[in-house]
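Written below as C-alpha cells is the structure these notes are about.
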Amino acid sequence: MSATRSQPVFETRHLIFLSLFLIILVTMLIGYNPEIKVTSETQKVYDYIDSLPSGSVLIVSFDHEASSLPEIKPIALTVLRHAFSKDIKLIGTALLAEGTGVGYRLITETAKEYNKEYGQDFVYLGFKPQYIAAILSMGESIPDTYPEDYLDKPYFSNEMLKDIINYDDVAGVISIADGSLTTHWIEYGASRYNVNITAAVTAAMMTTYDPYIASNQLYAMFGGLRGAAEYEKLIDRGGAGKRGMLAQSVSHIYVIILIIIGNIMYFVQRKRRRGSK
Amino acid sequence: MGDYRSKFAMVETMMNRRIPQMICFAFGAALFTVFFLSHPLAKDLNLTITVDYWQIIFAFTLIVGVVSFVRITIKNIKKGEDRPYRIVSLIGLIAMPVLALIWGIRGDSPFMWVFEYVQVPMQSTVFALLAFFVASASFRGFRARSAPAAVLLIAALLTLLSRSSLEGILPVYFSDFADWIRSNPSMAARRAILIGIGLGSLTTSLRVLLGIERTWLGGEK
Amino acid sequence: MLFSNLIFIADSSAWFNTDKLLTLIISLFCVIILLYTTYYKAKQSKFKIREIAGLKAIEDAIGRATEMARPLLFTPGWGGDIQRPTTIASMNILGHVASKTAQYNCQLIYPTHDPVIMAVAQEVIKGAYASAGYADRYKEDNIFYVSSSQFGYAAAVEGLISRLKPASIFLLGTFEAESLILAETGNINKAIQIAGTDSTIQLSFFIVACDYVLIGEELFAASGYLSDDHSIKASVRAQDIIKLLIAVFLIVATIWVTIDPNSQWWKL
C-alpha cells in the first residue's frame, strides 16, 4: 500500500468548517437558554415513566458507544433522574462494550443524587457480547444470561433481583442508543417476548424509529439534545440539553443559510452556462 | 495418478462447499423451526445456537482479527509505512489489556481513566466531524436541480427550522406542518423502502440456505 | 415426573407457540412462492432485472482505479455482522468486484470492523482471484480488521482514504453514523463512490455524497444482476410477486378502513 500525499489548500469547505466551529463556540459561551415547547413524543415517554407505580422494575440498556456521550449523556440523565425520583428500581445493562463503563458511571452517580442503594434500588449487570443473543437469552432467563452482576456479585445476592427471572417480571426496557440497536430490542425483545420497549436515542436516529412508533412496536421515543432539553423541562431540572439548545438552533440556521447560498450559486452558474451557449 | 487428483478434487469440493452448505441449511432450518416452538427443548436449542455457539465462534475470530491487525501493523512499521500511526495503534492495543489485567476495568482504575480521558474525547471528536461534514455536504449536494428535488429541499428546510428552538419567532402551525411531513410522506417512503429491504433480506437468506447463492463460500457464484 | 413430562411433550399446544401462527403462515407462503418461482417458473421463462445504475457503474469504477493505478477500497460499514443479509449481499458484490480487480490487476483494499467478516471476505476474495485465474495476485494483507469501535473504524477508514487516495470506493453493507464521514472523505479525495445500505437514514447521506447509490432492495438484487444467474434472478422475481401482493393488501385495507373505520379484520 503506497501512500500519496497532497499539499493542504484552503478551500471553501475549510471556511465552512471554521465558521461552524466558531458559531458553536460562541453560542456555547453566550449561555442563553431559549424557551422550548415539549413535543408529544417526549411527553409520552415522561407520562409512561411517571405512570409506573413505585417499586416497578425497568431495564435501562446503555446501547451506545463512548463517542456519542456528549449527546447521549443528557438524554440518559433525564431518564435516570425521573425514574429514581419516582422510586422505580433499575437494572442497567449494556449491549455495546463501550457503553458499559459509561452506563455504570451514569447510573451510580444519578443514584447517589437520590440516595439509592446498589442491590436494593438499582443493579448494574453490565455488558453481554452479541446483542441479539443477549436480548434473546434475557427473554428466557436473565440470571442465566448474567449469573453475576457488573461487580461480580452473584445475581440473586441482589435483593431487588430475587423475583426477576425474565422480561415478564419487568415493566419494560428503555434502550438508550446512538445506533440501530433499539431495532433489535423491538425485533427480538418486543416481537418475541412482548416486552414494552421505549427508546431514548440520538437525533440522527429518530426518524429510523418512526415506522416502529407508528406500528406500536416501539411504545415511545424521544431523543437528541432537543429531546433532552424537553425532558429537563418536564422534570424541572436544567442540564446539558438546555445548555446546548442555542448552539444547535444556530447551527441549524447556519446549515439552512449554506443550503440557500449553495442553491443561489447553482442557479447563477446554470444561468451563465445557458447564457454562454 | 489422475484418479487420485479427481478424488482429491471431490473431497475438496465436499469439504469446502457441500459440508458448509449442509451445516448452513441444517442450522437455518433449525432456527426457523424453533422460532415457532414454545417447548423448553426448543428454547434451549435456540439459546445454545444463538448464544453459546455464536460467542465461541466470535471469540476465536476475534483472536484471528487481533493477530491479523498486529501482523499487518508490525509489517508496515518495518516497511516505514505510516509508522507513527502504526506505533500508536500498537501501543494502544498492548496498553489497554495490560492496564485491565493489572488494575481491573471498574471504578477509578487506570483503564477507566484512559477510557474516559483519551478514548472518549478521541471518539467524540470523530463523531463531531459529522456536524462539519453535514454542513459541507448540505452546501455542495443539496441543490434544487429539478422540481422533485426542490420539493425535497423545501421539506428539509422546514424540518430543520422546526427542530430548532424558534417557537416564539415561527408560527405554531410551522412545527405541526414539519411533523406532518415526517409522519406522512416521509414515513410512507421509508416504509416502502423497509418493505423492500425486508423482502430482499428474506430472499437473500433463503438463497443462502438453499444453496442458490454460494459467493460467501468463496469463489463459486 | 416422567409421566408429566410425557404429557407435556404429547400436548401439541405446549410445543407450538400459537401467537406466531400468522407469522408462520405468511413465512411459509413466502417460501412457497420463492421455491415455486426459483425451481419451477425459472425453467419456463427468462427473467430480466432492470438496469441498475449503481451496479452498471461497478465496471467503470474498477476501470478508473486501474487506469489511474490507484487502489480500490471496499468496506461493509460498521453496523452489521456476518449473519445480516445486507452483509451477505455485500459479499456477493465483493466477489464480483474481486474477480474484476484480479483480471485488471488492480489493488483491492478491504478494511472491516468485524473479524468474522474479515475471515469470510478473505475467503470470498481469495476464491474470486482463484476463479479468475490470478491466484498469485491475491494479497491477504489487504483484507484486514481495524477496530470494532464505531468511530475507531471510521477514523481508520477515513485515514486510509486520505492517505491512499483510492480512485474508487465501494460503501456497501450496513452503515450507521460513520456513513457520511466516509462518504464525504471519499468525495473530498475525488473518488468515484458507489454506496448501498439497508438503513433509510444513512441512504439520505449517501445520496448527497456519493455518485451512485443502491437503494434498499437493489443491494439484494445485485448478485442476480452481476452474476446473470437465472435462479437468483428468479428469486428476485419471487420477491416482486410478494411485494405486489403486499401492495394489493395495503390498497384493499386502506379502502376498507376508509369505508368502515372500525373494521380491524386484517389484524386477525
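Chains as they are written, first to last, in our numbering: chain A, 299 to 575; chain B, 378 to 598; chain C, 896 to 1163.
Glycine included, every Cβ here is placed at the ideal spot set by N, Cα and C.
Just verifying my parser: in three-state terms, what is the DSSP assignment at residue i?
| i | result |
| --- | --- |
| Ser513 of chain A | coil |
| Leu530 of chain B | helix |
| Asp385 of chain A | coil |
| Phe519 of chain B | coil |
| Gly1068 of chain C | strand |
| Leu586 of chain B | helix |
| Thr391 of chain A | strand |
| Asp361 of chain A | strand |
| Gln1088 of chain C | strand |
| Leu350 of chain A | coil |
| Ser1158 of chain C | coil |
| Phe554 of chain B | helix |
| Leu930 of chain C | helix |
| Ala301 of chain A | Unreliable positioning characterises Ala301 of chain A in this predicted model, as indicated by a pLDDT of 48, which lies under 50. A coordinate reading is not provided. |
| Thr1153 of chain C | helix |
| Ser489 of chain A | helix |
| Thr337 of chain A | coil |
| Ser1063 of chain C | strand |
| Phe308 of chain A | coil |
| Thr500 of chain A | coil |
| Tyr1040 of chain C | strand |
| Tyr1107 of chain C | strand |
| Gly573 of chain A | helix |
| Val468 of chain A | coil |
| Phe258 of chain A | Residue numbering for chain A in the displayed model covers 299 to 575; residue 258 of chain A lies beyond these limits and cannot be assessed. |
| Ser1118 of chain C | helix |
| Ser486 of chain B | coil |
| Ser473 of chain A | strand |
| Pro397 of chain B | helix |
| Phe942 of chain C | coil |
| Gly481 of chain B | coil |
Confirm, please, whether the CB-CB distance from residue j to residue i is below 8 Å.
| i | j | result |
| --- | --- | --- |
| Ser359 of chain A | Asp385 of chain A | no |
| Ser1074 of chain C | Phe1101 of chain C | yes |
| Leu1059 of chain C | Thr970 of chain C | no |
| Asp476 of chain A | Glu407 of chain A | no |
| Asn912 of chain C | Leu414 of chain B | yes |
| Gly537 of chain A | Thr337 of chain A | no |
| Ala521 of chain B | Asn561 of chain A | yes |
| Ser578 of chain B | Phe1144 of chain C | no |
| Leu422 of chain B | Ile554 of chain A | no |
| Gly1091 of chain C | Leu1109 of chain C | yes |
| Tyr1029 of chain C | Ala993 of chain C | no |
| Met504 of chain A | Gly487 of chain A | no |
| Ile1089 of chain C | Gly949 of chain C | yes |
| Ala1072 of chain C | Leu506 of chain B | no |
| Val499 of chain A | Val471 of chain A | no |
| Ala984 of chain C | Ala1117 of chain C | yes |
| Arg524 of chain A | Ala501 of chain A | yes |
| Pro397 of chain B | Leu594 of chain B | yes |
Against residue i, what residues of chain D qualify as contacts under a CB-to-CB distance less than 8 Å, listed in chain order?
| i | result |
| --- | --- |
| Trp910 of chain C | Looking at the structure shown, chain D is missing, and the protein chains on hand are A, B and C. |
Taking any Cβ of chain A, which residues in the region 1087-1121 of chain C have a Cβ under 8 Å from it, in chain order? Listed by position along the chain: Ser1094, Thr1095, Ile1096.
Which residues, in order along the region 466-486 of chain A, keep a beta-carbon less than 8 Å from a beta-carbon of chain C? From the region 466-486 of chain A, only Asp476, Gly477, Ser478 have a Cβ closer than 8 Å to chain C.
What runs of the alpha helix (DSSP H), each 4 residues or longer, lie entirely inside the region 411-473 of chain B? Fully enclosed alpha helix (DSSP H) runs of 4 or longer: 417-424, 431-456.
Considering only residues of the region 400-455 of chain A, which uninterrupted alpha helix (DSSP H) runs meet the minimum length of 4 residues and lie entirely inside it, listed in chain order? Annotation: the region 400-455 of chain A contains the following complete segments of the alpha helix (DSSP H) (minimum length 4 residues), in chain order: 429-438, 440-443.
Residues of the region 982-996 of chain C with a CB closer than 7 Å to any CB of chain B: list them in chain order, please. Of all residues in the region 982-996 of chain C, Ile983, Ala984, Met986, Asn987, Gly990 have a Cβ within less than 7 Å of some Cβ in chain B.
Which ranges does the alpha helix (DSSP H) cover as unbroken runs of at least 4 residues, wholly within the region 962-1027 of chain C, from first to last along the chain? Counting whole runs of 4 or more residues, the region 962-1027 of chain C contains the alpha helix (DSSP H) stretches 980-999, 1010-1027.
Taking a Cβ distance cut-off of 7 Å, strictly less, list which residues of the region 1057-1076 of chain C are near chain A, in chain order. Of all residues in the region 1057-1076 of chain C, Arg1058, Leu1059, Lys1060, Glu1071, Ala1072 have a Cβ within less than 7 Å of some Cβ in chain A.
In chain order, which continuous runs of the alpha helix (DSSP H) of length 4 or greater are located wholly inside the region 523-560 of chain A? Considered as a whole, the region 523-560 of chain A harbours no complete run of any alpha helix (DSSP H) with no fewer than 4 residues.
contact_flag[the region 537-547 of chain A, the region 562-572 of chain A] where n(CB pairs < 8 Å) is 3 or more: Contact between the region 537-547 of chain A and the region 562-572 of chain A is absent: fewer than three C-beta pairs spanning the two stretches fall below 8 Å.
Within 7 Å of chain C by C-beta, residues of the region 486-520 of chain B in sequence order: Within the region 486-520 of chain B, the residues whose Cβ lies closer than 7 Å to some Cβ of chain C are Gln500, Val503, Phe504, Leu506, Leu507, Phe510, Val511, Ser513, Ala514, Gly518, Phe519, listed in chain order.
Closer than 8 Å between beta carbons: that is the criterion. Which residues of the region 428-440 of chain B meet it against chain A? For the region 428-440 of chain B, which is checked against every Cβ of chain A, the residues closer than 8 Å are Val428, Trp431, Gln432, Phe435.
Using 8 Å as the threshold, is the region 394-406 of chain A in touch with the region 434-441 of chain A, meaning 3 or more CB pairs across them? Short answer: they don't touch.
If you pair each beta-carbon of the region 407-422 of chain A with each one of the region 447-454 of chain A, do three or more pairs fall below 8 Å? With the cut-off at 8 Å, the region 407-422 of chain A and the region 447-454 of chain A touch.
Would you check if the region 1025-1041 of chain C and the region 436-449 of chain B touch, i.e. whether three or more CB-CB distances between them fall below 8 Å? With a cut-off of 8 Å, the region 1025-1041 of chain C and the region 436-449 of chain B count as touching, because enough Cβ pairs lie within range.
Between the region 562-573 of chain B and chain A, which residues of the former have a C-beta closer than 9 Å to a C-beta of the latter? Contact residues of the region 562-573 of chain B toward chain A are Ser563, Met564, Arg567, Arg568, Leu571 (C-beta to C-beta distance below 9 Å).
What are the residues of the region 444-456 of chain B that lie near chain A, defined by any Cβ-Cβ distance shorter than 7 Å? For chain A, none of the residues of the region 444-456 of chain B brings a beta carbon within less than 7 Å of one of its beta carbons.
Taking beta-carbon pairs under 9 Å, can you tell me which members of the region 356-368 of chain A lie near chain B? Answer set for the region 356-368 of chain A: Glu363, Ala364, Ser365, Ser366, Leu367, Pro368.
Sufficient close CB pairs (3 or more, under 8 Å) joining the region 1002-1016 of chain C to the region 929-943 of chain C: Judged by Cβ distances under 8 Å, the region 1002-1016 of chain C makes no contact with the region 929-943 of chain C, as fewer than three pairs qualify.
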